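Quick note on my numbering: the sequence shown kicks off at 18 and runs consecutively. Where is the CB? At the ideal position from N, CA and C, for every residue including glycine. Predicted, not measured: the structure shown is a model, and the values here were computed from it. Just below is one structure, and these are the notes that go with it.
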Amino acid sequence: MSDERDGVRHAHAQEGEVELLRVQGHINAEPILAALRANGIPARVVGEALGSVYGLTLDGLGEVVILVPVEHEAQARELLAAADAHELEIADGDVEPVIPDPAPPPSGDRD
18 MSDERDGVRH AHAQEGEVEL LRVQGHINAE PILAALRANG IPARVVGEAL GSVYGLTLDG
78 LGEVVILVPV EHEAQARELL AAADAHELEI ADGDVEPVIP DPAPPPSGDR D
């Protein structure tokens, strides 16, 4: 993951969308899209067509941009931060990653 740009609007973003992240190639964007969508965050990818046709990743040709609606930006960035901190988990029966609930504080009562 690279080049996060808080609140920046990409040239191909529709009204109400912000650039969340830039990655090299659609293959690298797919797991991120899956995690976002599994957490109820609509997201889409835009990128250089030539890079996807020929599989090029030179000088930005394979770069793609992940866009999310502005109202989901904070939640999406929280999810990315959890992923970077290795805090995502897959629960039994789930096929997509979800952010785990924080552990409850210790009660202090020991028997």
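As the crow flies, the alpha-carbon of residue 57 is around 12 angstroms from that of residue 88.
Your pair residue 62 and residue 82 checks out as a contact, with CB atoms roughly 7 angstroms apart and the cut at 8 angstroms. Secondary structure of residue 37 (DSSP, three-state): strand. Separation of the CB atoms of residue 53 and residue 93 is rounded to 6 angstroms, and the pair is thereby assigned contact status at 8 angstroms.
Around residue 60, the same chain offers 50, 53, 83, 85 as residues with beta carbons nearer than 6 angstroms, after the five sequence neighbours per side are excluded.
If you ignore the 5 residues before and after residue 48, its C-beta comes within less than 8 angstroms of no other C-beta in its own chain. The beta carbon of residue 90 sits closer than 6 angstroms to those of 35, all from its chain and outside the five residues before and after it, given in chain order.
Judged by DSSP in its simplified three-state form, residue 48 adopts helix. Residue state for residue 97 is assigned as helix, using DSSP reduced to three classes.
Across the structure, residue 97 and residue 42 are spaced so that their CA atoms are roughly 18 angstroms apart. Residue 33 sits exposed, since fewer than 16 C-beta atoms from the chains shown fall within 10 Å of its C-beta.
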